[in-house]
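Asks:
Number of protein chains: 2
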Amino acid sequence: MEEVALLYSGGNDSSLAAHMLSKYYDVKLLTASFEILDSWKYAKESANIIGFEHEVRKFERSVIEEASEMIIKDGFPKNGINFIHRHVLSAAAKEYKLVADGTRRDDRVPLLRRSEIRSLEDMYGIEYIAPLRGLGYKTINKLATKIFKIEEGESGKIQHADYEAEIREVLKEKRFEVKNFFPSHKQSRVIGLR
Amino acid sequence: MEEVALLYSGGNDSSLAAHMLSKYYDVKLLTASFEILDSWKYAKESANIIGFEHEVRKFERSVIEEASEMIIKDGFPKNGINFIHRHVLSAAAKEYKLVADGTRRDDRVPLLRRSEIRSLEDMYGIEYIAPLRGLGYKTINKLATKIFKIEEGESGKIQHADYEAEIREVLKEKRFEVKNFFPSHKQSRVIGLR
């Protein structure tokens with residue numbers, strides 16, 4: 012089977028994406044880390060529990076710093092998070108011929124536009140796969156709940172390895188009120204197989 | 012497993028969609044027929060070959076007539092085909108709680124807009140699933156070729172049960188030049204499992 016690198020946070024979405032892709036591909040999970048927190052450990056734990064190979068890719072702290080500046084200037088996180096996501100996808104595209112993520116139909120962030128997908132695929136000669144892109148949150152949550160044991164909680168409280176965790180930390184260091192930029196929302200973490 | 016109704020033409024895309032969905036759902040294939048051609052038979056043949064339950068849903072010829080009028084007026088098929096697709100999806104949504112199709116990332120037609128998906132799901136209380144929506148043509152063709160034996164040919168020549176076949180027939184009856192509305196393109200039909 013061909014190898015696909017899937018960006019992985021340990022949450023519902025990327026775990027379900029891994030499960031779906033594993034029907035057709037040899038799935039390798041990648042978690043980005045920016046030298047701010049060790050939240051990648053939670054992703055590795057979840058990856059091990061659901062039985063996938065997992066690796067961490069270290070990036071410079073400056074990527075999160077730059078994204079945080081964008082977020083502070085914008086007053087909302089969309090562009091900053093997309094900036095990080097493109098950075099990480101591009102790095103994966105230099106290593107792997109197939110690169111995937113767990114973005115879903117209802118996601119606004121992170122989200123590649125059609126032109127960004129085309130440029131990513133053409134620039135690196137890769138295939139980009141977003142297996143949840145045609146599934147709504149209800150469908151995804153029902154499937155994930157059937158397959159995984161899931162821990163749910165407010166963002167910022169649950170142990171989760173998405174970009175938000177490290178951005179929050181940088182905003183705190185800069186003495187910004189995190190909740191002004193990230194409204195409270197539910198996050199999930201996969202803690203077992205059913 | 013929950014039952015999902017997948018709109019099915021016998022081609023690459025809807026066959027791969029069936030294969031993907033079957034990991035999580037009891038997949039029932041549906042092919043629309045508008046009393047113009049018996050092209051649904053090719054879809055049934057392909058469905059049987061790949062081992063899925065298949066049913067035909069008959070619709071009034073007037074649906075294709077109305078779509079053809081739109082296509083003649085527009086000079087291109089997009090809106091007419093989307094009109095038929097929405098009609099068929101809505102009918103399936105009255106029968107099934109989960110409704111799927113094989114539309115893919117690079118498809119312009121048929122394609123539901125985000126607002127159309129929301130209205131379909133809300134109006135009928137269903138989930139709409141498009142499992143190929145996050146996959147490009149290259150990824151889909153590689154996967155389909157691995158799983159299925161495929162016959163390829165020019166549109167209008169290959170035996171295929173998509174809406175185009177019956178629209179072409181109506182345009183011919185009305186003495187229009189079909190090629191003015193449907194530029195020649197490749198179509199595929201699944202004729203076996205590998």
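Listed in order, the protein sequences are those of chains E and A. Heads up: the first sequence begins at 12 in the numbering used here, then just goes up one per residue. Heads up: the second sequence begins at 12 in the numbering used here, then just goes up one per residue. The C-beta atom is built at its ideal place from N, Cα and C for all residues, glycine as well. Being a predicted model, the structure only gives us computed values, none of them experimental.
What number of angstroms, rounded off, separates the C-alpha of GLU180/E from the C-alpha of LYS89/E?
Replies: One C-alpha to the other measures close to 17 Å.
Asks: For LYS39/A and GLU66/A, which I take to be in contact (beta-carbon distance under 8 Å), what is that distance rounded to the nearest angstrom?
Replies: That belief holds up - the Cβ atoms of LYS39/A and GLU66/A are roughly 7 Å apart, short of 8 Å.
Asks: Do you know whose CA, among TYR35/E, LEU122/E, ALA16/E, lies nearest ARG97/E's CA?
Replies: When each option's Cα is compared against that of ARG97/E, the closest is LEU122/E.
Asks: Can you give the Cα-Cα distance for ALA29/A and ASP173/E, rounded to whole angstroms?
Replies: In a straight line, the C-alpha of ALA29/A is about 32 Å away from that of ASP173/E.
Asks: Have a look at the DSSP bridge pairing and note the partners of VAL38/A.
Replies: According to DSSP, VAL38/A bridges with VAL15/A.
Asks: Among residues of its own chain, excluding the 5 on either side of LEU143/E, which ones have a beta-carbon nearer than 8 Å to its beta-carbon?
Replies: Once the five neighbours on either side are set aside, the close Cβ partners of LEU143/E are ASP24, LEU27, ALA28, MET31, GLY113, THR114, ARG115, ARG116, ILE151.
Asks: With 8 Å as the threshold, decide whether the Cβ of ALA58/A is near any Cβ in chain E.
Replies: Not an interface residue.
Asks: Check whether the Cβ of LEU17/A lies closer than 8 Å to any Cβ atom in chain E.
Replies: Not closer than 8 Å to any Cβ of chain E, the Cβ of LEU17/A fails to qualify, so no.
Asks: By alpha-carbon positions, which one of GLU56/A, LEU41/A, VAL74/A ends up nearest to GLU106/A?
Replies: Measuring from the Cα of GLU106/A, the nearest candidate turns out to be LEU41/A.
Asks: Cα-Cα, which of TYR148/E, LYS149/E, ILE137/E, LEU154/E is closest to LEU146/A?
Replies: When only C-alpha atoms are compared, the closest one is ILE137/E.
Asks: Given that a residue counts as buried once 16 or more other Cβ atoms are within 10 Å of its Cβ, and exposed if not, what is ASN93/E?
Replies: By the 10 Å Cβ count, ASN93/E comes out buried.
Asks: Against chain A, does ILE140/E count as a neighbour if the rule is that its beta carbon must be under 8 Å from one of theirs?
Replies: By this cut-off, ILE140/E is an interface position.
Asks: Beta-carbon within less than 6 Å of GLU177/E's beta-carbon, same chain only, minus the 5 sequence neighbours each way: which residues are those?
Replies: Only PHE45, ILE47, LEU48, ILE75 meet the Cβ criterion.
Asks: Compute the Euclidean distance between the alpha carbons of ALA54/A and PHE63/A, then round it to the nearest angstrom.
Replies: So the two alpha carbons sit approximately 11 Å from each other.
Asks: What residue range does the alpha helix (DSSP H) around SER8/A cover?
Replies: No information on residue 8/A is available, as it lies outside the stretch 12 to 205 that chain A covers here.
Asks: Give a yes or no on whether 8 Å exceeds the smallest Cβ distance from GLY86/E to chain A.
Replies: No, its Cβ sits nowhere closer than 8 Å to a Cβ of chain A.
Asks: As a quick exercise: from ARG186/A, GLY22/A, GLU14/A, pick the residue whose alpha carbon is nearest that of GLU165/A.
Replies: Checked all of ARG186/A, GLY22/A, GLU14/A; the closest Cα to GLU165/A is GLY22/A.
Asks: Run the CB neighbour count on GLY203/A, radius 10 Å, all protein chains shown included, and call it buried at 16 or more, exposed below.
Replies: With fewer than 16 other Cβ atoms within 10 Å, it is exposed.
Asks: Please tell me whether GLN170/A and SER50/A are closer than 8 Å, where the distance is taken between their beta carbons.
Replies: Yes, the Cβ-Cβ distance between GLN170/A and SER50/A is below 8 Å.
Asks: Should ILE154/A and TYR35/E be called a contact, given that it needs their Cβ atoms to be closer than 8 Å?
Replies: For the sequence presented, residue 154/A should be read as Leu rather than Ile. Yes, they are a contact pair.
Asks: Can you find a CB in chain A that lies within less than 8 Å of the CB of GLY91/E?
Replies: Chain A, which has no Cβ nearer than 8 Å to the Cβ of GLY91/E, makes this no.
Asks: Determine the extent of the alpha helix (DSSP H) in which GLY91/A is found, giving its start and end residues.
Replies: Run containing GLY91/A: 89-106, per the alpha helix (DSSP H) assignment.
Asks: Quick check on VAL110/E: does DSSP put it in helix, strand or coil?
Replies: In this structure, VAL110/E counts as strand in the three-state DSSP scheme.
Asks: Quick one: complete beta strand (DSSP E) runs, 3+ long, within the stretch 115-193 of chain E?
Replies: Complete beta strand (DSSP E) runs here, min 3: 138-140, 159-165.
Asks: Please decide whether THR156/A counts as near chain E, where near means a Cβ-Cβ distance under 8 Å.
Replies: Answer no: the Cβ-Cβ gap between THR156/A and chain E never drops below 8 Å.
Asks: Between the stretch 24-52 of chain E and chain A, which residues of the former have CB atoms less than 8 Å from a CB of the latter, in chain order?
Replies: Of all residues in the stretch 24-52 of chain E, MET31, LYS34, TYR35 have a Cβ within less than 8 Å of some Cβ in chain A.
Asks: If we call anything under 8 Å between Cβ atoms a contact, is VAL189/A one with ILE60/A?
Replies: Not a contact, by the Cβ cut-off of 8 Å.
Asks: Just the Cα atoms here: how many angstroms apart are VAL99/A and ALA43/A?
Replies: Each residue's Cα considered, the two are about 7 Å apart.
Asks: Distance cutoff 8 Å, beta carbons only. Does LEU146/A sit that close to anything in chain E?
Replies: Interface residue, yes.
Asks: Quick one: is GLU127/E near chain A, going by C-beta distance under 8 Å?
Replies: For GLU127/E, the answer is no, since every Cβ of chain A falls outside 8 Å of its Cβ.
Asks: Does any residue of chain E have a CB that is nearer than 8 Å to the CB of LEU122/A?
Replies: Cβ-Cβ to chain E under 8 Å: no for LEU122/A.
Asks: Measuring straight from C-alpha to C-alpha, what distance separates LEU131/E and ARG72/A?
Replies: Looking at the two C-alpha atoms, the distance is approximately 44 Å.
Asks: Using 8 Å as the limit for Cβ to Cβ distance, is GLU177/A near chain E?
Replies: It does not: the Cβ of GLU177/A has no partner Cβ on chain E nearer than 8 Å.
Asks: Using DSSP's beta-bridge definition, name the partner residues of VAL74/E.
Replies: In DSSP, VAL74/E forms no bridge with anything.
Asks: Can you tell me whether SER79/E is buried or exposed, with buried defined as 16 or more other CB within 10 angstroms of its CB?
Replies: Flag for SER79/E reads buried.
Asks: Beta-carbon separation of PHE192/A and PHE70/A under 8 Å?
Replies: No.
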